[in-house]
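Read in order, the letters of the sequence shown correspond to residues 383 to 817 in this note's numbering.
The structure appears right after this line, and notes come after that.
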Amino acid sequence: MFRLLVNNETKKFKLGFILFNLGILFLASAPFIAVIFILISILFSIISFKIKLNFKTLTNKFLALSLILLLIITFFSIFFNLNQFEEWNYEYNLIGLLNWIPFFLCFVYIQPYLKNIKYRTLTTNLLLIGSFPVIITGFGQYFLGWDTQLDLLNGNIIWFLKPINESKGMSGLFSNPNYAASWLTIIWPLSLGAFIKNSKIRLKGIISLLTLILIFISIILTNSKDTWLALFIPIPFLIKLNLFRFVFLFLFTLLTIFIMPNNYLLKISEYSIFSLIFESNLESNLQKLIDYFPRLDIWRVSLIAIFEKPFFGWGAASFPFIYTLYKMDFVNDKIQHSHNLFFETSISYGLIFSTIIFILIFRLLFDSWKIIFAKNLNYTNKSLWLGTLLFVINHIFDVTYYDVRISMIFWILLTSLKSIIDEDQLTNNIEIKSN
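The following block contains the structure:
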């Protein structure tokens, strides 16, 4: 399969291409091995193509400016106090660089491995195949009570599974159900696109349908309410549905969610949102409202933190200290992050850095949207775009970016969108020259 795809490429590129896709295959189940493969593939990409950053393009300008800001803020944190917390150290900022700079390089240098639809289709398929260990271990954890470690390859790969009563939902190979749900949410449109594409081919259609069903069930079993919206968002983008069919599918999805066992929606407490409005005790109402929607207090503290230090931020990993400082007196929870990626990056590195990163993301989404959907391109490109969109939506309510698997798949998706844009521009230039 690899030989047929890269038949006309150089030997160095072929090696890098194989390593990159092996990294994709192992990303969900063995992230350490996957990252090593992808990093080596980047070296082959540098050697094979000698890619130079063209700072005339807006995308590369954003990347370069983001990198400069990160380095300046980190350098500043070494000599000056970004915040008043004794527990915080500038080393957090140094470690925080690993969440961004390697992925900037990844974005630039893995583009050759995603430069055409065949390469992107292979990557999509390998992401789906590589997700089966997550699903299998998750089902074992949820239905069979797996709660110990599983060894693979003579102990070279070890998976630690939590008891289901501790995680309160299926987590599989991830440390938390929300992280598992985030991964499954991203690959959900990939599985939906693969099913639609292969539905007329008997064997591929059956395999694609089985994959689709398993991912659907897995998302429900994570019991992560932030990601349930993702189940129906991709459908109108990928399937031509009239209004009646879409409403029916939406209601069916909601019904499925409601009838799942141990669903929090069936356990709404006596203080419903309506009773909160009409009760006279404002302080009691506020406490009940925050107990019911804890993110309200988290986001309130986030906004306070952002406006207090809008330029350089408070430093990476500083939110737990900030929340302890500004939280409501009656709140006892230990919150580790702001549950919103824009807030999180703004708190850590300032509004300028955060704004630049999100302009880059939304520009790639917008520019690729005009190509993918306006020109009715194939389902692989559509599903990659939708996977990126679902990541963004999920990170309005949660932050799972700091798991290397989530951040890596996100930057791979962004790189795919950039490759789609470049491929379209190249095609247009060829057409103009031929005319």
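Even for Gly, the Cβ is constructed at its ideal location relative to N, Cα and C.
Asked                                                                                                          : Found
Best match in 764, 530, 518 for proximity to residue 503 [C-alpha to C-alpha]                                  : 764
Sufficient close CB pairs (3 or more, under 8 Å) joining the stretch 475-486 to the stretch 510-519            : no
Which listed residue (584, 581, 580, 574) has its alpha carbon closest to that of residue 597                  : 574
Buried versus exposed, by CB contacts within 10 Å (16 or more), residue 768                                    : buried
Short Cβ contact (8 Å threshold) for residue 419 with residue 408                                              : yes
Same chain, Cβ closer than 7 Å to residue 456, neighbours up to 5 away in sequence not counted                 : 475, 476, 479
Cβ shell of residue 404 (< 6 Å), same chain only, five flanking positions each side left out                   : 419
Classification of residue 801 by the beta-carbon crowding that lies within 10 angstroms, buried from 16 upward : buried
Residue 697 versus residue 704 - alpha carbon distance                                                         : 11 Å
Whole-angstrom distance between residue 482 and residue 421, CA atom to CA atom                                : 14 Å
DSSP state of residue 541 mapped onto helix, strand, coil                                                      : strand
DSSP state of residue 620 mapped onto helix, strand, coil                                                      : helix
Segments of 4+ residues assigned as alpha helix (DSSP H) that fall wholly inside the stretch 499-533           : 499-512, 514-525
Residues near residue 425 by beta carbon distance below 8 Å, same chain, minus five either side                : 398
Where residue 512 falls, given that 16 or more other Cβ within 10 Å makes a residue buried                     : buried
Exposure of residue 717, with buried meaning 16 or more beta-carbon neighbours within 10 Å                     : buried
CB contact below 8 Å: residue 596 versus chain D                                                               : This model lacks chain D altogether; it includes just one protein chain.
Close Cβ partners of residue 693 (< 6 Å) along its chain, the five nearest in sequence each way excluded       : 732
Beta-carbon separation (whole angstroms), residue 781 vs residue 700, contact threshold 8 Å                    : Wrong, their Cβ atoms sit about 14 Å apart, outside the cutoff.
Secondary structure, alpha helix (DSSP H): runs of 4+ residues fully inside the stretch 541-610                : 546-549, 559-580, 584-603
Opening and closing residue of the alpha helix (DSSP H) in which residue 405 lies                              : 393-408
Residue 555 vs residue 570 beta-carbon contact at 8 Å                                                          : no
Backbone CA spacing between residue 595 and residue 423 [nearest angstrom]                                     : 33 Å
8 Å Cβ shell around residue 779 - same chain, five flanking residues per side excluded                         : 608, 677, 721, 722
Coarse secondary structure for residue 692, derived from DSSP in three states                                  : coil
Residue 709 (DSSP reduced to helix, strand or coil)                                                            : coil
Cα-Cα separation, residue 684 to residue 558                                                                   : 23 Å
Rounded separation between residue 660 and residue 672 - CA only                                               : Because the pLDDT at residue 660 is just 48, under 50, the model does not fix this residue reliably, and the point stays unresolved.
Through-space distance from residue 605 to residue 589, alpha-carbon basis                                     : 25 Å
Neighbourhood of residue 806 by C-beta, 6 Å cutoff - its chain only, sequence neighbours within 5 removed      : 753
8 Å Cβ cutoff met for residue 448 and residue 491                                                              : no
Local Cβ density within 10 Å of residue 581, reported as buried at 16 or more and exposed below that           : exposed
CA nearest to the CA of residue 546, picked from 603, 620, 561, 494                                            : 603
DSSP three-state assignment for residue 679, whether helix, strand or coil                                     : helix
Nearest to residue 510 (by Cα), restricted to the options 682, 565, 669, 755                                   : 565
Helix, strand or coil at residue 482 according to DSSP, with G and I counted as helix                          : coil
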